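Student: This note's numbering applies: residue 19 is where the sequence shown begins, and numbers increase by one.
The beta carbon of each residue, even a glycine, is placed where N, CA and C say it ideally should be.
Here the structure is a predicted model, which means the values were calculated and not measured.
Below is the structure I would like to discuss, written out as structure tokens.
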Amino acid sequence: MSESPSKPTHSATGPSSQTERLEDHYANWAPFYDFVFKLVMRPGRRVSSAILSKLGGRILDVGVGTGLELPMFEPHVQITGVDLSAPMLEIARKRIAEHGLKNIEALIEMDAQNLQFPDHSFDAAVAPYVLTTVPDPIRMLEEITRVVRPGGTILLVNHFGAETGLIAWGEGWIARNLPKLGWKPNFPWAILGDWIKSRPDIELIEVRSLAPVGLFTLVHMRRRAHS
């Protein structure tokens with residue numbers, strides 16, 4: 019497994035203060051992240067890793083964090099993980115060693131809004147529970163699309179805002195208790211839906227509600243191959 023020797027570049031005009039604050043907050047959360055979020059987010063990680071394992075190839079894991087999904091991938095796929103938080107990546111490296119994973123090409127400290135990879139570098143990408151945490155989700159989507167080859171797969175796992183019921187209650191709890199993590203519990207589907215409509219090269223394959231109680235959604239997309 020290789021590693022990047024340098025810190026991520028946030029943008030050509032200088033680092034975003036909002037991104038830097040997010041990086042600090044996740045550094046503080048790193049020791050507790052697995053304990054708090056492992057079980058509730060497991061279904062989405064299992065589904066996405068199963069889909070990508072079936073497809074195979076080189077996979078970019080955007081927001082890999084502590085690497086909870088890394089042992090879920092089949093050994094024939096090659097994984098590169100990126101995350102803004104160095105402390106979370108250190109936990110991911112320990113997980114790789116504990117499980118003896120041989121299919122992790124690299125873990126790199128990098129901003130999902132400014133991916134430092136050439137165009138068409140990966141066969142697929144997955145962004146688990148990341149879309150609503152970044153300051154600019156559209157920029158992140160554009161970057162992920164850029165680095166996935168034509169014909170490749172893009173998977174998102176995320177929560178989209180609800181208006182009533184148990185899910186709406188959960189959104190309120192998150193908004194009150196976890197604002198520093200950048201989570202936007204009322205993030206509307208329309209932001210993603212409008213982006214998909216604006217990109218003729220993006221095909222929406224599936225939108226699947228996930229456990230627990232439909233709190234999270236799997237969005238399966240494909241970057242259309244060149245005609």
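Beta strand (DSSP E) containing residue 221: first to last residue?
Tutor: On the sequence shown, position 203 is the one that residue 221 refers to. Here the beta strand (DSSP E) through residue 221 covers 220–228.
Student: In this structure, how does DSSP classify residue 37 when only helix, strand and coil are distinguished?
Tutor: Residue 37 sits at position 19 when you count from the first residue of the sequence shown. Three-state result, residue 37: helix.
Student: Roughly how many whole angstroms lie between the Cα atoms of residue 174 and residue 36?
Tutor: Position 156 of the sequence shown, counting from 1, holds the residue named residue 174. Position 18 of the sequence shown, counting from 1, holds the residue named residue 36. Approximately 22 Å between the Cα atoms of the pair.
Student: Say whether the segment 135–148 touches the segment 65–81, bearing in mind that this needs 3 or more beta-carbon pairs closer than 8 Å, one atom from each stretch.
Tutor: Yes, they touch.
Student: By the DSSP assignment, the beta strand (DSSP E) with residue 167 in it spans what residues?
Tutor: Walking along the sequence shown from the start, residue 167 turns up at place 149. Residue 167 -> beta strand (DSSP E) spans 166–176.
Student: Let me know the secondary structure DSSP gives residue 135 once reduced to three states.
Tutor: Residue numbering aside, residue 135 sits at position 117 when the sequence shown is read from its first letter. Here residue 135 sits in coil by DSSP.
Student: Buried or exposed: which applies to residue 176, given that a residue is buried once 16 or more other Cβ atoms fall within 10 Å of its Cβ?
Tutor: The residue labelled residue 176 in the question sits at position 158 within the sequence shown. Buried, by the Cβ-count rule.
Student: Tell me which same chain residues have a C-beta within less than 7 Å of the C-beta of residue 111, skipping the five on either side of it?
Tutor: By one-based count along the sequence shown, residue 111 stands at place 93. Result list for residue 111: 125, in chain order.
Student: If distances are taken between C-alpha atoms only, which option among 212, 163 and 236 comes closest to residue 219?
Tutor: Sequence index remark: in the sequence shown, residue 219 carries index 201 (1-based). When each option's Cα is compared against that of residue 219, the closest is 163.
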